[in-house]
Amino acid sequence: MERKFNDQETVRREKLSKLCREMGSPYHITRLDELLSINEILNLPEGYNLPLRCAGRILVVRHTFFVLSEHNTRIQAYIDLKGNISETNKEEKEKLYSYFKEYIDIGDYVYILGTLFRTKTGELTVNVSDLKIVSKALKPLPNKRDGIVDPELTVRNRVAHIITSPECFNVLEARSKIIQSLREFLYSKDYLEVETPILHKIAGGAAAKPFITRHNVLKEDLFLRVAPELYLKRLIVGGFTKVFEIGKSFRNEGVDSTHNPEFTSVEIYTAYEDMFSTMQLCENLLTSLFKKFMSSPPIAFKRFHIADLIREKYSVNFREKVPSKEETFELAKKFSLQIEEEEISVGLVYEKIFEDLISPELVEPTFVFGFSSEQSPLAKKDRENPFFSERFELYVDGQELANGFSEQNDPSEQERQFREQLGQKNSTGSIDYDYISSLEYGLPPTGGVGIGIDRLVMYILGRKNIKEVITFPFLKG
1 MERKFNDQET VRREKLSKLC REMGSPYHIT RLDELLSINE ILNLPEGYNL
51 PLRCAGRILV VRHTFFVLSE HNTRIQAYID LKGNISETNK EEKEKLYSYF
101 KEYIDIGDYV YILGTLFRTK TGELTVNVSD LKIVSKALKP LPNKRDGIVD
151 PELTVRNRVA HIITSPECFN VLEARSKIIQ SLREFLYSKD YLEVETPILH
201 KIAGGAAAKP FITRHNVLKE DLFLRVAPEL YLKRLIVGGF TKVFEIGKSF
251 RNEGVDSTHN PEFTSVEIYT AYEDMFSTMQ LCENLLTSLF KKFMSSPPIA
301 FKRFHIADLI REKYSVNFRE KVPSKEETFE LAKKFSLQIE EEEISVGLVY
351 EKIFEDLISP ELVEPTFVFG FSSEQSPLAK KDRENPFFSE RFELYVDGQE
401 LANGFSEQND PSEQERQFRE QLGQKNSTGS IDYDYISSLE YGLPPTGGVG
451 IGIDRLVMYI LGRKNIKEVI TFPFLKG
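Residue numbers for the sequence shown follow the UniProt record's numbering, beginning at 1 and rising by one.
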């Protein structure tokens, strides 16, 4: 199907055709040497008067002035037609300005040669003596004053939004720096960064619906990973004592302000540690990031047992007595929990009371632990009360940010817990016997935690929608 162009796009294409005929194609330029970045130019000593070269995108044009942008930094440039210049130079300047008027549009990438001066208002400006288009913008940018206002279009036309919105650019740059600092913290603690498979033969590591793909040669279905956990623990079995992985996982579930089907997380595993020491590691890591990137970082992390929160708010004591089946149904009804009748179990009701009624109120960074062992198949059971597990989650702004365990390392118990999970309604996947076989070589006591990087960036930067912090988020339709 033939593409159709609006009037502005048509005019720009005509300009490019004429430029190619008369001056040569800008796309033949493959390298620009001896360039200074705009940031370097802005930091040159006052009075610097040597010729300099730079390149960037034109964002504003005002007669003989234009604004050049590079990496979200801007400088003004000027074609001087009125200054004290010789006739020869005047002719060259007029040719330059003719080229500028004839071919230049907002959005074009250009190379310029010139010298610095300050205007009457004191603005540092490049007096241009040479200019070339190095890439023609065939699509006009959004209105420079308003940018892209519609939130849906900021995602759908992401490239234009990055170009025109310094705020969007800064968020994505900050995301990269946060991840870099996270890595540096773990490197400083002697953790080894590793890579594990993204294509899995069995969907495991989390209770989530996977994406399914097909290997044509092998003639078998494969799953995009929902979590890297089981492979990382295999590495601990193999003798590594401190490992982490930053990467993508995929869950074929809902899309909303805090969920994207493709998301980034870091998972960290440490031999000879448990839930409590892993909780402290998590706090130390996040505190270092909060102090570095937040103007008002939270002072301290709170810690609560879920059963204590439920008892204090609703006078239901799960520590003292595990409800019977009849009492469990009554609790589900009393709290109007959205659970199908055939799914109701005491562990699920316990966690739904917390998830639906208490967790939204956890605004400051808060660790909660004592999740039900029934709903935590990869965690050890509580040493004193087997109804609970040695599993914790971290909440900020009412959203889960991290999830960690004292990892189950008993192969027989792990197989039993897998079987129980498989018997639950809406469970996905099958038992990973290869993982159980790996455990039989011996997994030392291990603490593990997974942290959602997208939500972490949201919290640090004060963003309310996950799409704002993902470079190219998932689009509906």
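Positions of the beta carbon are idealized from the N, C-alpha and C atoms, including for glycine.
Given the structure is predicted, the values throughout are model-derived calculations rather than measurements.
Anticipated Cβ contact below 8 Å, residue i with residue j, distance rounded
i, j, result
"VAL155", "LEU475", "6 Å"
"ILE451", "ALA402", "4 Å"
"LYS242", "ASP190", "6 Å"
"PHE301", "GLU283", "5 Å"
"TYR78", "VAL126", "7 Å"
"TYR269", "THR471", "The Cβ separation is near 27 Å, so there is no contact."
"THR258", "ARG463", "No, THR258 and ARG463 are not in contact; Cβ-Cβ is about 10 Å, not under 8 Å."
Where residue i falls: helix, strand or coil (DSSP)
i, result
"HIS215", "strand"
"THR287", "helix"
"GLU273", "coil"
"ASP221", "strand"
"ALA379", "strand"
"ARG455", "helix"
"VAL237", "helix"
"SER265", "strand"
"VAL366", "Rather than Val, the amino acid found at residue 366 in this sequence is Thr. If DSSP states are grouped into helix, strand and coil, THR366 belongs with the strands."
"VAL316", "coil"
"GLY423", "coil"
"PHE117", "strand"
"GLY448", "strand"
"GLN338", "coil"
"ASP356", "helix"
"GLU184", "helix"
"VAL159", "helix"
"VAL226", "coil"
"VAL60", "strand"
"PHE329", "helix"
"PHE388", "strand"
"GLU415", "helix"
"SER176", "helix"
Closest Cα partner of residue i within the set the options
i, options, result
"SER438", "GLN421, VAL226, LEU286 and PRO411", "PRO411"
"ILE29", "ILE104, VAL134, LEU443 and ARG57", "VAL134"
"LEU230", "ARG118, ASN89, SER257 and ILE198", "ILE198"
"TYR435", "LYS464, ILE246 and LYS201", "LYS201"
"LEU36", "ASP108, ARG214, CYS20 and THR115", "THR115"
"GLU312", "LEU186, ILE358 and CYS168", "ILE358"
"GLY83", "ILE75, SER129 and TYR48", "SER129"
"LYS432", "GLU342, THR366, ARG463 and GLY204", "According to the sequence provided, residue 432 is Asp. The question's Lys does not apply to it. The shortest C-alpha separation from ASP432 is found at GLY204."
"THR64", "LYS101, LEU52 and HIS71", "LYS101"
"LEU16", "THR328, LYS132 and PHE405", "LYS132"
"GLN421", "SER295, SER188, GLU468 and SER373", "SER373"
"SER406", "GLN399, LYS95, VAL368 and GLY448", "GLY448"
"GLU364", "PRO210, ASP382, SER296 and GLY254", "SER296"
"PRO51", "ARG21, ASN6, LYS4 and LEU113", "LEU113"
"LEU192", "GLU152, PHE244, ARG118 and ILE163", "PHE244"
"ALA206", "GLN417, PRO445 and PHE472", "GLN417"
"VAL110", "SER69, ASN89 and PRO140", "SER69"
"GLU267", "ILE306, LEU285, ASN216 and ILE246", "ILE246"
"LYS177", "ARG319, LYS292 and LEU32", "LYS292"
"residue 534", "PRO444, GLN180 and ILE75", "Nothing can be reported for residue 534: it is not among the residues displayed for the chain, which extend from 1 to 477."
"PHE250", "ILE306, PRO210 and THR270", "PRO210"
"ASN72", "TYR269, ALA174, LYS321 and ASN89", "ALA174"
"GLY442", "GLN408, GLU184 and PHE329", "GLN408"
"SER345", "GLU327, GLU361 and PRO360", "GLU327"
"ASN252", "THR213, ASN465 and ASN39", "THR213"
"ILE466", "GLU152, PRO360 and TYR187", "GLU152"
"GLN399", "SER315, ASP256, ILE163 and MET1", "ASP256"
DSSP bridge partner residues for residue i (one or two, in chain order)
i, result
"GLN76", "VAL67 and THR125"
"LYS132", "TYR111"
"ILE310", "DSSP, once it has assigned bridges, lists no residue as partnering ILE310."
"ILE246", "VAL266"
"ALA402", "LEU394 and ILE451"
"ALA55", "TYR111"
"LYS302", "THR366"
"ASP256", "HIS259"
"GLU407", "ALA379"
"LEU199", "LEU224"
"residue 480", "Because the chain here runs from 1 to 477, residue 480 falls outside it and cannot be looked at."
"LYS193", "This sequence places Glu at residue 193; Lys is not what is there. DSSP lists PHE244 as partners of GLU193."
Any non-hydrogen atom of the ligand ZN within 7 Å of residue i CB
i, result
"HIS71", "Looking at this structure, you won't find the ligand ZN or any other ligand, since it has none at all."
At least three beta-carbon pairs within less than 8 Å, the region 387-394 to the region 248-263: Fewer than three pairs of CB atoms, one per stretch, sit closer than 8 Å, so the region 387-394 makes no contact with the region 248-263.
Three-pair Cβ contact test at 8 Å for the region 365-381 versus the region 331-339: Because the criterion of three Cβ pairs below 8 Å is not met, the region 365-381 and the region 331-339 do not touch.
Check whether the region 208-223 and the region 274-291 are in contact - that is, three or more C-beta pairs closer than 8 Å. With a cut-off of 8 Å, the region 274-291 and the region 208-223 do not count as touching, because too few Cβ pairs lie within range.
I want to know whether the region 57-74 touches the region 11-29 - three or more CB-CB distances under 8 Å. Counting Cβ pairs under 8 Å, fewer than three are found: no touch.
Any contact between the region 101-113 and the region 44-59? By contact I mean 3 or more CB pairs, one from each, below 8 Å. Segments in contact, yes.
If we count Cβ pairs, one from each stretch, closer than 8 Å, do we get three or more for the region 227-243 versus the region 184-197? Touching, yes.
Three-pair Cβ contact test at 8 Å for the region 347-361 versus the region 301-320: The region 347-361, when compared against the region 301-320, does touch it at the 8 Å Cβ threshold.
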